[in-house]
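Residue numbers (the working numbering): -4 to 174.
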């Protein structure tokens, strides 16, 4: 079975190399957006424009269409009303249940492992062969942390992947972490 995994990994890498290069952005993201480019924001504002008290305070929407270096494609969107995030002043929601998920992303080795897995290195053997990620035991500890928080799941026999419904949210969190 290991030979099949290695061949599949080589095929993914070859497919990534054969793709035409992506054009470099002309400027930083903040500088390359015009007013007309805020179509998602305008659509959200239209959805929230009702007379409903729940929509009066606004909402948050994130969306993405992603092709990974492995060729896998994901399209995803999620929206939530501001009142669901912040709640009323007298009864704010408890954000502590988000701590484990966010904390799992708070380690450089875990972020590196996620990046490598998204790039196609999916087996424990491939991950332990990377330089600078620690011992086998440390790597498995990090993989368990990420899996426990829902950022990874196993697909059998030491293979890991980021669940499809977590690919765009992961990239959104990484984007939000940029300054």
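Using N, Cα and C, we set each Cβ at its ideal position, and we do this for glycine too.
Contact annotation: residue 61 and residue 166 have beta-carbon atoms nearer than 8 Å. Of the residues 128, 143 and 53, the one whose Cα lies closest to the Cα of residue 93 is 143. Inter-residue distance for residue 55 and residue 173 is about 18 Å (C-alpha atoms, whole angstroms). Residue environment for residue 72: exposed (fewer than 16 other C-beta atoms within 10 angstroms of its C-beta). According to DSSP, residue pairing for residue 76 in a beta bridge involves 54. Between the alpha carbons of residue 99 and residue 159 lies a distance of about 18 Å. Your pair residue 96 and residue 145 checks out as a contact, with CB atoms roughly 6 Å apart and the cut at 8 Å. Within the DSSP secondary-structure output, residue 71 pairs in a beta bridge with 59. Within a 10 Å sphere around the beta-carbon of residue 115 sit 16 or more other beta-carbons, which makes this residue buried.
Excluding residues up to 5 positions away in sequence, 104 lie with their Cβ nearer than 7 Å to the Cβ of residue 129 in the same chain. A Cβ-Cβ distance of about 6 Å is found for the pair residue 156 and residue 117, placing them in contact under the 8 Å criterion. Per DSSP, the continuous beta strand (DSSP E) segment holding residue 156 begins and ends at 154 to 156. For residue 145, no alpha helix (DSSP H) segment is defined, and its DSSP state is neither H nor E. Under the 10 Å beta carbon count, residue 139 is surrounded by fewer than 16 other beta carbons and is classified as exposed.
A straight-line Cα-Cα distance of about 44 Å links residue 86 and residue 64. With a threshold of 16 other beta carbon atoms within 10 Å, residue 102 falls short and is exposed. Residue 161 sits buried, since 16 or more C-beta atoms from the chains shown fall within 10 Å of its C-beta.
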